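Participant: Residue numbers (this note's numbering): 851 to 1033. Idealized CB from N, CA, C, for every residue including glycine. All values reported here derive from a predicted model rather than from experimental measurement.
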Ligand code: SF4
């Protein structure tokens, strides 16, 4: 590993509203979330890694908030992590708009004000977990959203100013046909 090559930061938000039966991610359902405590833990961990010789002095090329369901978290937490990352590492660009900062969003947990909060926090790319636009498939997957909610989430993200949006779609579900998936 070249000592000064840029690095990519992954930040995990491990909470979900419901544990989907197919999921093997590190995700957990909690009635209440102590976001302030989790924010402190993330900032402590960031400070720790920033002082390690293999990372010290290296630039950040991107940040990715994955989960779990990062869109459950307050925009203030996301903004605080981005600011801390910016102060501990140099960004591989003139300002944070120039490095890619992605947040995974569950269509069942967001509206335009949520998206606007993430945008304001410095997120410039969304990855929306659509998975399917077929309500029967979404039900089988135990997702908390409908196809219509997924489309609404995409439109809300656009209205909040996001012009870089990934949509996750699952292929290979039981009885799913290629034609159905294409549709
Ligand atoms: S929403 Fe995603 S991370 Fe959460 S349980 Fe479902 S598949 Fe897993």
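Mind listing, in chain order, the residues whose beta carbon lies closer than 5 Å to a non-hydrogen atom of the ligand SF4?
Facilitator: Cβ atoms closer than 5 Å to the ligand SF4 belong to 866, 869, 870, 873, 875 and 877.
Participant: Can the beta-carbon of residue 921 be found closer than 8 Å to that of residue 954?
Facilitator: Taking 8 Å as the Cβ cut-off, residue 921 and residue 954 qualify as a contacting pair.
Participant: Determine contact between the stretch 987 to 1000 and the stretch 1022 to 1029, defined as no fewer than three beta-carbon pairs at a distance below 8 Å.
Facilitator: Flag = yes, the stretch 987 to 1000 and the stretch 1022 to 1029 touch.
Participant: If I follow the unbroken alpha helix (DSSP H) through residue 931, where does it start and stop?
Facilitator: 925 to 938 is the extent of the alpha helix (DSSP H) around residue 931.
Participant: Assuming residue 983 and residue 1000 form a contact by the criterion Cβ under 8 Å, report the distance between their Cβ atoms to the nearest whole angstrom.
Facilitator: Their Cβ separation, rounded to whole angstroms, is 6 Å, which keeps residue 983 and residue 1000 in contact under 8 Å.
Participant: In its own chain, which residues sit with a C-beta less than 6 Å from the C-beta of residue 891, not counting the 5 before and 5 after it?
Facilitator: Excluding positions up to five away in sequence, the list is empty.
Participant: Would you decide whether residue 927 is buried or exposed? Buried here means 16 or more other CB atoms lie within 10 Å of its CB.
Facilitator: So residue 927 counts as buried.
Participant: Just to confirm the assignment, what range does the alpha helix (DSSP H) spanning residue 985 have?
Facilitator: Its alpha helix (DSSP H) spans residues 985 to 991.
Participant: So, is residue 851 buried or exposed, given that buried needs 16 or more other C-beta atoms within 10 angstroms?
Facilitator: Bear in mind that a pLDDT of 48 at residue 851, under 50, signals an unreliable position, so the number given afterwards is only what the model happens to contain. The residue is exposed, with fewer than 16 neighbouring Cβ atoms inside 10 Å.
Participant: Using a Cβ-Cβ cutoff of less than 6 Å, which residues in the same chain neighbour residue 800 once the five nearest sequence positions on both sides are dropped?
Facilitator: With the chain running from 851 to 1033 in the structure shown, residue 800 is simply not present.
Participant: Tell me which same chain residues have a C-beta within less than 6 Å of the C-beta of residue 1011, skipping the five on either side of it?
Facilitator: Only 969 meet the Cβ criterion.
Participant: Is the beta carbon of residue 942 sitting closer than 8 Å to the one on residue 856?
Facilitator: A contact, by the Cβ cut-off of 8 Å.
Participant: Taking residue 899 as the reference, which of 973, 860 and 1027 has the closest Cα?
Facilitator: Checked all of 973, 860 and 1027; the closest Cα to residue 899 is 860.
Participant: When you compare the CB positions of residue 966 and residue 932, do they come within less than 8 Å of one another, or not?
Facilitator: No.
Participant: For residue 907, does the count of other Cβ atoms within 10 angstroms reach 16, so buried, or fall short, so exposed?
Facilitator: Exposed.
Participant: For the alpha helix (DSSP H) that contains residue 887, what are its first and last residues?
Facilitator: Unbroken alpha helix (DSSP H) run through residue 887: 885 to 900.
Participant: Tell me which residue opens and which closes the alpha helix (DSSP H) that residue 1001 is part of.
Facilitator: Note, residue 1001: alpha helix (DSSP H), 997 to 1009.
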